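Trainee: The structure under discussion is supplied below as structure tokens; questions concerning it will follow.
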Amino acid sequence: MDSTVTFLISIGLCLHWEARTQMGTLPRPFLWVDPSPMVAKGADVTLRCQGQPGSDRFQLWMDGEFREERNDSWSQADFVLSSVHDWRDARSYRCRSGQGLLWSELSDPLVLVVMTALIRPIISASPGFTILPKTRVTIWCHFPSLSYSQSYSVALLQAKSLEPLQLHNITGRLAAFSLPSVRTEDSGNYSCIYYRKTPPYRGSYPSSNLELTVLGPFPKPILWAQADLVVTPGTNITLWCSRPRLSSLREVTFTLWKSGTQEPLQQQPTADLWTDFSLSSVSPEDTGSYRCAYRTASGRESEPSEALELVVPGSLPKPSLSALPSQVVEPGQHVTLQCRQPPRSALWRATFTLLKVGSPQPLQSQSPAGTLVFFPLLSVRAQDVGNYTCIYYSRMSPYQVSEPSDALEIWVTDELPKPFLSASPGQEVVSGSSVTLLCSGPSWATRFVLYKKEVEEILHSMEAHEDRGQFLLSHVTPRHSGNYSCSYQLGTNKSLWKQPSDALELLVRGEKPSNNLIIILSCVSLLLLLCLLWLAFFCHGSIPTATMDSTVTFLISIGLCLHWEARTQMGTLPRPFLWADPSPVVAKGADVTLRCQGQPGSDRFQLWVDGELREERNDSWLRADFVLKSVDDWRDARSYRCRSRQGPLWSELSDPLALVVMTALKRTIISASPGYTILPKTRVTIWCYFPSLASSESYSFALLEAKSLEPLQLHNITGRLAAFSLPSVRTEDSGSYSCIYYRKIPPYRGSYPSQALELTVLGPFPKPILWAQADLVVTPGTNITLWCSRPRLSSVKEMTFTLWKSGTQEPLQQQPTADLWTDFSLSSLSPENTGSYRCAYKSADGRESEPSETLELVVPGSLPKPSLSALPGQVVEPGQHVTLQCRKPPQSALWRATFTLLKVGSPQSLQSQSPAGTSAFFTLLSVRAQDVGNYTCVYYGRMAPYQVSEPSEALEIWVTDELPKPSLLASPGQKVVSGTNVTLLCWGPSWATRFVLYKEGDEEILHSMEAHEGRGQFLLTQVTPKDSGIYSCSYQLGTNESLWTQTSDTLELLVRGENSSSIIIIIFSCISFLLLLLCLLLFAFLCHGSIPMAIFVGLASLAVPADLITLRHPERKAHIPIAEEPQGVIYTQLNIRTLNKKETDSKRTPTEDTVYASLNLD
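Using this note's numbering, the first residue of the sequence shown is number 1, and each one after it goes up by one.
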């Protein structure tokens, strides 16, 4: 009965799980028709149903009834309707996809209109056919007299593709399609038809074509590089230029331009929507700004694309990049990245660019007047975590480019790496053992703490040592069992702790009773063995060779440990960065602070002066400040360097910093030509006149920014005049300048600065940067902050920032501030906030900057969501192209929608288009790892009333070499005993179609099976030790048998015989007893020269006390008492090896009495 009940319960659980599984559904698929939903009677049409990757079954439904089902590839099925009929096939279609046990929802309905011999409509337009941009155009469709016009709908079509653009219900004999504020993208051929509202959807043939021409340039293309924009010299790079889809264009010629050149670099005629420009073996001369454009055969051109900055590093020394106040920032706080040009670089007017490792586009660029630039990262969050570098370069020939700075890692506290807790020798130990809990964290952790579940207080706390904390639990007992976790602290902020590690369960067991006796006997045997060795030494006065061997082994082990410790201390940290505050040029008697910034976690700093150690100190975990009070022109005007330490490791010394102390030397005289107020792009020369010096070769000149005394350019003195050249000045060069001279060798004594020279460069200030601290598709009712930042300008202090929205005459907000940035808050957003935003700034005298680049903000509204599909598929091989089609649903009546492609997790939109039809095609060219991710799209109107769609369902794009790696698990575990059944479970994505299992050492596939719900289960029955080994698995995509992903991480399976640990202990014990016995024999032999026979007869008589020995004979008995206190004892030893050999005759040997000895045990 018990077996029957168990069986029925198992069946019930299986059915319950099966029922729950079928309750789930897949996302609805996307159904479209090729070539058009408007087809002529008798034509062939294909209905394409695209589902989730991994879909293996598809159904087509017509007018709410099931029509056809088929198995197809892993994401798409084609249903072909041949020779369509205006009665049978002019219907409403939907589809759904299946995967395993699950079915998707039905797709949105698709109406198929079959055109028949109805009277054609007539089309016209007002105010004309050739018009200016932003004009409102009305396209009129005239219909014949219909007995029931309310039964018909009218559609405006793109004439060549027959794609429906707008739909209207007929209320008379005239339909008006409005095209508000047309643009060049609206140029093309239009036609219209009418068709029945209810099935069968029979319609007229299209009207004659109406060609509409909107004057002006075509919309701008997009230019990007399929590589990082800092390119190693000698590398080949490809630039891609793509244009929007325009119905009026077929073949165009793409052109690539470089700023500063009069002739185009390359030209490419093509009918495609994109082309590529190859730059081979790039050099620093290829550094610069690139743009592309396209034009038709008639010479009509597009607007140029946005500029693309390409940088090829050259021979200039690398800059230094530091973070203020710190590399670790709390969410919502600001951090400023300071990129500093090294003093030995003589490049004037460098352009500095901030880069993020892994991002193909530069983040920010500035061209300051000085040798350093400040890049603010405002209100940081998870997306800002990563490694940053910076470069500097000139924009004019000869092109000079620096190497990238060392990478600087920025962390946001809620995104810090989680610590990892491990146990040594393991998580399961026996009572009495010592256990070390090792908490590993980043190198800049300063303190570690250990917690135990259900214990409120911290269990242990310790300073970090080499990025980890070691917590020793000695002589653990079962009460130490439990769940442990750890955390680490950053810097000196005691409240700044990282979230704890994953819990680690420690299990302390008592020793197994069955093994206790064996272990005790083994220990006793080993102790006796040691005693025997000591006795042997006592008897012979020497140490056995085995003991000497153990000693030598111990000393070698100690030597290896010391050698490892020495090698560990040979490593070095990256060199720190040293700078002077307020300036490296200071007046005698002033105070100056030398700041040394090392790697996070640095705990000791040294300051070196002229190659000698001056000061050492412990400081915070990142930076140390060395304050020089009342600097002297002899003692302190020296060359300084610093280094930092972390644990046992010291960094290299920093680059040298020369501290110039100004004294009462005669001042210089400064002037400029051609003048002090000049136009942009003019060459300006600043002249510095020096007094008569006895040895001018011993001095150097420096051009300074007058207010900060920051050195801008350096020259050696060759006479009494120095010329500092400022080629092609810009508004950023406006400001105050002065110059000094100082000794070339220590002590660096210098003159006081000359009088300040005020230089004014006319024109607008450089453009600011506008960005949003959130995704640009914002939920209605959300509050959002827009940040506007400007470059650092020495000529101005306070500025007024202004926020503008396209289409409005008045500014939205204004913010006066002396900071380099400000924020504009938009509260409780609605669809009316959708649009293009820009910001600018102006000074108190009314001088304004150029406006920033536009920022597109989208607030979804009531329009139905679009559908997003991938052609040819969602999984693409590296270097191939994929086109994402965003299609507006048929029920949306919005004209001239703007479509925007977004990538989940990216704050900026990727591409935007305003096509004439109901769909936009976004091309991802030559895809690679960076393109992997989830994409969505939206569409919206640019004019009031603002209408915005919901985002489409996310579409995941994968590149085959970046597909998720499968994972392999073993049940019940990786260590099993012989005879067990083991299941190897290979997990992959839901759209995997087949799994395979490999074993290391076997050339062929071990097992192969169809995927089931994203996994493959491989059963190994009755395993034996020969099944031990290293296993891995992989999965297949679609029907392409060559398209396999990379294999999973390896899993080691270990099959042992039962109770192997006990057998080992028993074997060890037996060996110990045998060794003990042999040692006893050896000891007896060494001490006595003979082996007592009693050992072979029995050892019991050696230990039993006896007071009487009885001799027995068959005829007589005698009792011999044993003396209680023998007065003298004489021992005789018989050496049987010295006895003479003598032959005896057994026949003549007399028979003697046999004497028995007995022990009286009473």
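The beta-carbon is built from N, C-alpha and C at its ideal position, and this holds for glycine as well. The model shown is predicted, which means the values in this text are computed figures rather than measured ones.
1) In whole angstroms, give me the CA-to-CA distance for Thr-568 and Leu-504.
2) By how many angstroms is the C-alpha of Gly-100 removed from the C-alpha of Ala-19?
3) Go to Gln-760, then tell me how far its beta strand (DSSP E) extends in each direction, as first and last residue.
4) Identify which residue in Ser-978, Asp-931 and Cys-937 has its Cα closest to the Cα of Asp-961.
5) Tell me the residue span of the beta strand (DSSP E) that contains Ile-170.
6) Identify, in the order they occur along the chain, each residue of the same chain with its Cβ nearer than 6 Å to the Cβ of Tyr-1035, setting aside the five sequence neighbours on each side.
7) Between the beta-carbon of Leu-786 and the beta-carbon of Leu-762, is there less than 8 Å?
8) Just verifying my parser: in three-state terms, what is the DSSP assignment at Glu-856?
9) Curious, which full-length beta strand (DSSP E) runs of at least 3 residues does the region 888-967 contain?
10) Please go through the same chain and pick out, in chain order, the residues whose beta-carbon is closer than 7 Å to the beta-carbon of Ala-77, but skip the five residues on each side of it.
11) Can at least three beta-carbon pairs, one atom from the region 698-717 and one from the region 363-373, be found at a separation below 8 Å?
12) May I have the straight-line CA-CA distance separating Gln-809 from Pro-860, to the nearest angstrom?
13) I'd like to check one pair, Gly-358 with Ser-431: are the Cβ atoms closer than 8 Å?
14) Would you kindly check if the distance between the Cβ of Tyr-195 and the Cβ of Val-113 is under 8 Å?
15) Could you pull the DSSP bridge partners for Tyr-741 from this structure?
16) Which runs of the beta strand (DSSP E), 3 residues or longer, sit entirely within the region 74-122?
17) Within a Cβ cutoff of 6 Å, which residues of the same chain sit near Thr-1047, ignoring the five residues on either side of it in sequence?
18) Please determine, among Thr-923, Pro-780, Leu-657 and Ile-1005, the residue with the shortest C-alpha to C-alpha distance to Arg-243.
19) Jot down the residue ranges of each uninterrupted beta strand (DSSP E) in the region 782-836, minimum 3 residues, whole runs only, in chain order.
20) Given 8 Å as the limit, is there contact between the region 656-664 and the region 585-594, that is, 3 or more CB pairs closer than that?
21) For the region 820-832 against the region 737-745, are there 3 or more C-beta pairs whose distance is under 8 Å?
22) Roughly how many whole angstroms lie between the Cα atoms of Ser-191 and Asp-414?
23) Assuming Ser-1165 is part of the beta strand (DSSP E), what are its boundary residues?
24) Skipping 5 residues on each side, what residues in its chain have a beta carbon closer than 6 Å to that of Thr-336?
25) With a cut-off of 8 Å, do at least 3 Cβ pairs link the region 718-726 to the region 685-694?
26) Have a look at Ser-302 and Ser-365 and give me their C-alpha separation to the nearest angstrom.
27) Starting from His-1007, trace the beta strand (DSSP E) in both directions and tell me its first and last residue.
28) Assuming Leu-984 and Ala-970 are in contact, meaning their beta carbons sit under 8 Å apart, how far apart are those beta carbons, in whole angstroms?
29) Rounded to a whole number of angstroms, what is the C-alpha to C-alpha distance between Tyr-393 and Arg-790?
30) Taking Glu-163 and Ser-36 to be in contact with their CB atoms under 8 Å, please state how far apart those CB atoms are, rounded to whole angstroms.
31) When the Cα atoms are used, what is the spatial distance from Gln-913 to Pro-811?
32) By Cβ distance, which residues of its chain are closer than 7 Å to Gly-128, with the 5 residues on each side in sequence left out?
33) Use the C-beta contact count for Val-111: other C-beta atoms within 10 angstroms, 16 or more gives buried, fewer gives exposed.
34) In terms of alpha-carbon separation, which member of His-334, Pro-362, Lys-666 and Tyr-399 lies closest to Arg-381?
35) Just grab the DSSP bridge partners of Asp-625 for me.
36) Which residue from Pro-831, Pro-264 and Asp-44 puts its Cα closest to that of Leu-90?
Mentor: According to the data block:
1) Working through the sequence shown from its first residue, we reach residue 568 at position 568. Working through the sequence shown from its first residue, we reach residue 504 at position 504. In this prediction, Thr-568 has a pLDDT of 36, which is less than 50 and means its spatial position is unreliable; what the coordinates show is noted afterwards. The C-alpha of Thr-568 lies about 29 Å from the C-alpha of Leu-504.
2) Within the sequence shown, residue 19 is the residue found at index 19, counting from 1. Within the sequence shown, residue 100 is the residue found at index 100, counting from 1. A caution first: Ala-19 carries a pLDDT of 37, below 50, which makes its placement in the model unreliable, though a value can still be read off. Distance between the alpha carbons of Ala-19 and Gly-100 is about 13 Å.
3) On the sequence shown, residue 760 is found 760 positions in, with the first residue counted as 1. Checking the sequence, you will find Thr at residue 760 rather than Gln. Its beta strand (DSSP E) spans residues 757-761.
4) As a first step, residue 961 is located in the sequence shown; it is residue number 961 there, counting from the start. The option with the nearest alpha carbon to Asp-961 is Asp-931.
5) Indexing the sequence shown from 1 puts residue 170 at position 170. First-last for Ile-170: undefined, no H or E at that position.
6) Locating residue 1035 in the sequence shown gives position 1035, counting from the first residue. Same-chain partners within the cutoff: Pro-966, Gly-988, Ala-992, Phe-995 and Thr-1045.
7) Locating residue 786 in the sequence shown gives position 786, where the first residue counts as 1. Locating residue 762 in the sequence shown gives position 762, where the first residue counts as 1. No.
8) Start at 1 with the first residue of the sequence shown, and residue 856 comes out as number 856. In this structure, Glu-856 counts as strand in the three-state DSSP scheme.
9) Whole beta strand (DSSP E) segments, 3+ residues: 898-903, 911-913, 919-924, 933-940 and 955-959.
10) Residue mapping note: residue 77 aligns to position 77 of the sequence shown, counting from 1. The residues are Cys-49, Phe-58 and Arg-70.
11) yes
12) The count along the sequence shown starts at 1 and reaches residue 809 at position 809. The count along the sequence shown starts at 1 and reaches residue 860 at position 860. Roughly 24 Å separates the two Cα atoms.
13) Stepping through the sequence shown from its first residue, residue 431 is reached at position 431. Stepping through the sequence shown from its first residue, residue 358 is reached at position 358. Cβ atoms of Ser-431 and Gly-358: not closer than 8 Å.
14) What you label residue 113 is simply residue 113 of the sequence shown in a count that begins at 1. What you label residue 195 is simply residue 195 of the sequence shown in a count that begins at 1. Closer than 8 Å, so yes.
15) Taking the sequence shown and counting its residues from 1, one reaches residue 741 at position 741. DSSP output for Tyr-741 lists Phe-701 as bridge partner(s).
16) Listed in chain order, they are 76-81, 92-99, 102-104 and 113-115.
17) Taking the sequence shown and counting its residues from 1, one reaches residue 1047 at position 1047. Closer than 6 Å at Cβ, skipping near neighbours: Ser-1032 and Ser-1034.
18) Numbered from 1 along the sequence shown, position 243 holds the residue referred to as residue 243. Nearest option by C-alpha distance: Thr-923.
19) Taken in chain order, the unbroken stretches of beta strand (DSSP E) that lie wholly in the region 782-836 and span 3 residues or more are 784-789, 799-805, 813-817 and 821-826.
20) yes
21) These segments do not touch.
22) Here residue 191 refers to the residue found at position 191 when the sequence shown is read from its first residue. Here residue 414 refers to the residue found at position 414 when the sequence shown is read from its first residue. Roughly 57 Å between the two C-alpha positions.
23) In the structure displayed, the chain extends from 1 to 1162; residue 1165 sits before or after that span and is not available.
24) On the sequence shown, position 336 is the one that residue 336 refers to. Around Thr-336: Leu-324, Phe-374 and Pro-376.
25) yes
26) In the sequence shown, counting from the first residue as 1, residue 302 sits at position 302. In the sequence shown, counting from the first residue as 1, residue 365 sits at position 365. Ser-302 and Ser-365: Cα-Cα distance of roughly 27 Å.
27) Your numbering for residue 1007 matches position 1007 in the sequence shown. His-1007 -> beta strand (DSSP E) spans 1007-1010.
28) Looking up residue 984 in the sequence shown gives position 984. Looking up residue 970 in the sequence shown gives position 970. About 6 Å separates the two Cβ atoms, so the contact holds.
29) Translated into the one-based positions of the sequence shown, residue 393 becomes position 393. Translated into the one-based positions of the sequence shown, residue 790 becomes position 790. Looking at the two C-alpha atoms, the distance is approximately 20 Å.
30) Working through the sequence shown from its first residue, we reach residue 163 at position 163. Working through the sequence shown from its first residue, we reach residue 36 at position 36. The Cβ separation is near 6 Å, so the contact holds.
31) By one-based count along the sequence shown, residue 913 stands at place 913. By one-based count along the sequence shown, residue 811 stands at place 811. Computed Cα separation, rounded: 26 Å.
32) Along the sequence shown, read from residue 1 onward, the residue named residue 128 stands at position 128. Nothing meets the Cβ criterion.
33) By 1-based counting over the sequence shown, the position of residue 111 is 111. Classification for Val-111: buried.
34) Position 381 of the sequence shown, counting from 1, holds the residue named residue 381. Measuring from the Cα of Arg-381, the nearest candidate turns out to be His-334.
35) For this step, residue 625 is matched to residue 625 along the sequence shown. Asp-625 is bridged to Arg-595.
36) Reading the sequence shown from its first residue, position 90 is the one you call residue 90. A small fix is needed here, since residue 90 is Ala in this sequence, not Leu. Nearest option by C-alpha distance: Asp-44.
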